[in-house]
Amino acid sequence: MYVAVKGGEKAIDAAHDWLGEVRRGDPDIAELSLAQIREQMTLAVDRVMSEGSLFDPDLAALAIKQSRGDLIEAIFLIRAYRTTLPRFGASHPVETDTMQCQRRISATFKDVPGGQILGPTFDYTHRLLDFKLAAEGNAPDTSTQDAPDLAAERKPHVMEFLNKDGLIESAEATDETPPDLTREPLELPANRALRLQNLTRADEGFLLGLAYSTQRGYARNHAFVGELRIGKVAVEMDIPELGFSIEIGEMTVTECETVNQFKGSKTEPPQFTRGYGLVFGQCERKAISMALVDRALRWKELGEDFAGAPAQDEEFVLSHSDNIQATGFLEHIKLPHYVDFQSELELIRSIRTAATAALAETKIAAE
Amino acid sequence: MDDQTKRKNRMGLLAKSAPQTVKRLCETLCASHSFEWLRQPETGGVMVRGRTGGTGSAFNMGEVTVTRCSLRLDEGTVGHGYVQGRDKTHATQAALVDALMQTPAADRIETEILQPLRETRVRQQAAIQARANATKVDFFTMVRGDD
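Below you can see the structure in the form of structure tokens.
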């Protein structure tokens, strides 16, 4: 029950002043600039953009600074800002096969045409603290090869090569306008487009846990990473005043396609099935998790059995994946609930009085 | 290439170029032309879509900030600007270049602004590509023992 409370303005102002001070930290240490956050905390910026559901690195950097590095609080700020923007329209679907890849690996196809490109990865590092970074140093050397032929560098999807024998299910395009959960409340059962929208803005930790649960046997779906790619794609949109479409910008995205072992079902032949992840920025763990959870949620359309696993339960996954909804409801219980609590207290008191009286009566009767 | 494709390409180039680069190249040009607004620069969101499985049906990924404006030069030519981000100067300069490319000033704009932007872009892409190619790896499968 919500009841307005009054008072406390002075205390709240003082609390916010103090918040400002601790956000700044020791004034003898140089203040962080937004450009520093944007350029040097890039993966935090990417996470805030992907879960905040708004691509704008400068705003994400501002949100991270304002939230003292609490990324869920930063995502909250971005979501709130997002609602103030007029919607100009929707883009054409980004064509990820035209991506200029800075990373592109396949765990299933060793000699993939175009090559395995590691890119700027933590993989194969030793996970030992690097104390060289603690000492302020110069920018690292950049070593590059000769000028490459850009036109020849297009990297087709690995799936195109893997599927020469038709052993992998295909993904055909339709002209359907996808549902938008920022405009219409989420309704279940959801189609795959709606599920993917939910998953791409979902909390990384929640998706990671669910994806891991499928690997450990809760609705195991035997996923291999068919392809993981990170790079820039152009965003193209129809411009009504021009009567044709133009590219309005470009953004880094992470795409993960899994191929999953599938013995076949009543409706589908034995084949490899697929899970899909596509996320703003460089969010590799999230993209892989998204693909695994997407695949787990597809049990119905593939005619698989419901194993009762959390990752298969659409209602469970989609209703609990959003960290802003979750934190909003969770954290509201710390706000004043005095009236609620007062009534609970009255109730407990009266029940206890009745119980004590009843106990006394039985005792007397026993004697 | 027809006129529409050319216009489409240069508007995309202006949108994808860094605001500060566009600003630096357009400074003198912008000072020397006056125009009236058809639509003042405004910032909004565009819903970005992806494709299921990379090739399938569309789904909504999330929004991107975009700034747009429309203007008319004194001689009557109309230009539009649509650029990613919240930079109103960037959008204005994109619209101005779009308008001026339909006037006799086109050749000058082409050499002084669009050509340098194109070169910058190719240089940046080549740098990323070279970095990426340096991390290209060959995995060897080791031959297993007989046991």
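Sequence lines, in order, name chains L and W.
Position one of the first sequence corresponds to residue 772 (this note's numbering), numbered consecutively onward.
Position one of the second sequence corresponds to residue 39 (this note's numbering), numbered consecutively onward.
Beta carbons are placed, not taken as given, at the ideal position from N, Cα and C, and that holds for glycine.
Item to check | Presumed contact (8 Å Cβ cut-off) between Glu-1026 (chain L) and Arg-1000 (chain L), rounded CB distance | outcome: Between the beta-carbon of Glu-1026 (chain L) and that of Arg-1000 (chain L) there is about 5 Å, and that keeps the pair under the 8 Å contact cut.
Checklist entry - To which residues of the same chain is Leu-63 (chain W) closer than 8 Å at the C-beta, ignoring the five residues directly before and after it? => result Same-chain partners within the cutoff: Glu-150, Ile-151, Pro-154 and Leu-155.
Item to check | Beta carbon of Thr-1141 (chain L) nearer than 9 Å to that of Val-1004 (chain L) | outcome: This structure gives no information on residue 1141 (chain L), because the portion of chain L shown stretches from 772 to 1138.
Checklist entry - How about Leu-1073 (chain L) and Phe-1033 (chain L): are their beta carbons less than 9 Å apart? => result In contact: Leu-1073 (chain L) and Phe-1033 (chain L) (Cβ atoms closer than 9 Å).
Checklist entry - What are the boundary residues of the beta strand (DSSP E) that Met-1008 (chain L) is part of? => result Per DSSP, Met-1008 (chain L) belongs to the beta strand (DSSP E) from 994-1010.
Checklist entry - Mind listing which residues of the segment 84-102 of chain W have their C-beta closer than 7 Å to chain L's C-betas, in chain order? => result Of all residues in the segment 84-102 of chain W, those with a C-beta nearer than 7 Å to a C-beta of chain L are Val-84, Met-85, Val-86, Arg-87, Gly-88, Arg-89, Thr-90, Gly-91, Gly-92, Thr-93, Gly-94, Ser-95, Ala-96, Phe-97, Asn-98, Met-99, Gly-100, Glu-101 and Val-102, reading in chain order.
Next on the checklist: Would Ala-994 (chain L) and Asn-1031 (chain L) be called neighbours here (beta carbons separated by less than 9 Å)?
Outcome noted: Closer than 9 Å, so yes.
Checklist entry - Got a sec: is the Cβ-Cβ distance from Leu-814 (chain L) to anything in chain W below 9 Å? => result For Leu-814 (chain L), the answer is no, since every Cβ of chain W falls outside 9 Å of its Cβ.
Checklist entry - Leaving out the 5 sequence neighbours to the left and right, which residues in its chain are closer than 6 Å to Leu-790 (chain L) when beta-carbon positions are compared? => result No residues qualify anywhere along the chain.
Checklist entry - Can a CB atom of chain L be found closer than 9 Å to the CB of Val-135 (chain W)? => result Judged by the 9 Å Cβ criterion, Val-135 (chain W) is not in contact with chain L.
Checklist entry - Since Trp-789 (chain L) is in the alpha helix (DSSP H), which residue starts that stretch and which ends it? => result Residues 780-795.
Checklist entry - Going along the chain, which residues of the segment 100-119 of chain W sit with their C-beta nearer than 7 Å to a C-beta in chain L? => result Interface annotation for the segment 100-119 of chain W against chain L: Gly-100, Glu-101, Val-102, Thr-103, Val-104, Arg-106, Ser-108 and His-118, criterion Cβ-Cβ distance under 7 Å.
Checklist entry - Among residues of its own chain, excluding the 5 on either side of Ile-846 (chain L), which ones have a beta-carbon nearer than 7 Å to its beta-carbon? => result Beyond the five residues adjoining it in sequence on each side, Ile-846 (chain L) comes within less than 7 Å, by CB distance, of Val-819, Glu-822, Gly-823, Asn-1094 and Ile-1095 in the same chain, given in chain order.
Item to check | Coil, strand or helix - Arg-732 (chain L) by DSSP | outcome: For chain L, the structure presents residues 772 to 1138; residue 732 (chain L) sits outside this window and is missing.
Checklist entry - Would you say Gln-811 (chain L) faces chain W, with C-beta separation under 9 Å as the test? => result No Cβ of chain W is located within less than 9 Å of the beta carbon of Gln-811 (chain L).
Checklist entry - Along chain L, in chain order, which residues have C-beta atoms closer than 9 Å to that of Met-49 (chain W)? => result Correct list: Ile-1010, Leu-1013, Ile-1017, Glu-1018 and Ile-1019.
Item to check | Alpha carbon of Ile-1104 (chain L) to alpha carbon of Thr-1098 (chain L), nearest angstrom | outcome: Per the coordinates, the alpha-carbon of Ile-1104 (chain L) lies some 10 Å from the alpha-carbon of Thr-1098 (chain L).
Checklist entry - What are the residues that DSSP puts in a beta bridge with Arg-898 (chain L)? => result The secondary-structure analysis by DSSP pairs Arg-898 (chain L) with nothing; it has no beta-bridge partner.
Next on the checklist: Contact criterion: CB-CB distance below 9 Å. Does Ala-170 (chain W) meet it with respect to chain L?
Outcome noted: At least one beta carbon of chain L lies nearer than 9 Å to the beta carbon of Ala-170 (chain W).
Checklist entry - If we count the other Cβ atoms within 10 Å of its Cβ and call it buried at 16 or more, is Leu-933 (chain L) buried or exposed? => result Classification of Leu-933 (chain L): buried, given that the 10 Å Cβ count is 16 or more.
Item to check | Exposure of Lys-881 (chain L), with buried meaning 16 or more beta-carbon neighbours within 10 Å | outcome: Lys-881 (chain L) sits exposed, since fewer than 16 C-beta atoms from the chains shown fall within 10 Å of its C-beta.
Checklist entry - So is Gln-78 (chain W) in contact with chain L if we call contact Cβ pairs under 9 Å? => result Gln-78 (chain W) does not count as touching chain L.
Checklist entry - Checking contacts by CB at 9 Å: is Ile-888 (chain L) closer than that to chain W? => result Using a CB distance cut-off of 9 Å, Ile-888 (chain L) counts as an interface residue toward chain W.
Checklist entry - Beta-carbon separation of Gly-117 (chain W) and Arg-106 (chain W) under 9 Å? => result Taking the C-beta atoms as reference points, Arg-106 (chain W) is found no nearer than 9 Å to Gly-117 (chain W).
Checklist entry - According to DSSP, is Leu-1118 (chain L) helix, strand or coil? => result In this structure, Leu-1118 (chain L) counts as helix in the three-state DSSP scheme.
Item to check | For Asn-98 (chain W), the three-state DSSP class (helix, strand or coil) | outcome: Strand.
Checklist entry - Measuring from the CB of Ala-1067 (chain L), is there a heavy atom of the ligand GDP at a distance below 8 Å? => result The ligand content of the structure shown is nil, which means the ligand GDP is not present either.
Item to check | Inter-residue CB distance, Gly-119 (chain W) and Leu-856 (chain L) (contact presumed, cutoff 8 Å) | outcome: So it is not a contact: roughly 17 Å between Cβ atoms.
Checklist entry - If you follow the beta strand (DSSP E) that Tyr-120 (chain W) is part of, which residue opens it and which one closes it? => result Start and end: 116-122.
Item to check | Inter-residue Cα distance where the pair is Glu-802 (chain L) and Leu-833 (chain L) | outcome: Answer to the nearest angstrom: the Cα atoms are 13 Å apart.
Checklist entry - Using a Cβ-Cβ cut-off of 6 Å (strictly less than) and excluding sequence neighbours within five positions of Gln-968 (chain L), which residues of its own chain qualify? => result Beyond the five residues adjoining it in sequence on each side, Gln-968 (chain L) comes within less than 6 Å, by CB distance, of Leu-952 in the same chain, given in chain order.
Item to check | First through last residue of the alpha helix (DSSP H) which encompasses Asn-962 (chain L) | outcome: Boundaries for Asn-962 (chain L): no alpha helix (DSSP H) harbours it, and the DSSP string shows neither H nor E there.
Next on the checklist: Can you pull the chain B neighbours of Ile-147 (chain W), defined as C-beta to C-beta under 9 Å?
Outcome noted: Given the protein chain composition of this structure (L and W), no chain B is represented.
Item to check | contact_flag[the segment 1040-1050 of chain L, the segment 86-102 of chain W] where n(CB pairs < 8 Å) is 3 or more | outcome: Yes, the segment 1040-1050 of chain L touches the segment 86-102 of chain W.
Checklist entry - What is the residue span of the beta strand (DSSP E) that Phe-73 (chain W) lies within? => result For Phe-73 (chain W), the uninterrupted beta strand (DSSP E) run begins and ends at 73-89, by DSSP.
Checklist entry - Exposed or buried, what is Lys-1134 (chain L) when buried is set at 16 or more other beta-carbons lying within 10 Å of its beta-carbon? => result Residue environment: Lys-1134 (chain L) is assigned as exposed (fewer than 16 neighbouring CB atoms within 10 Å of its CB, all protein chains considered).
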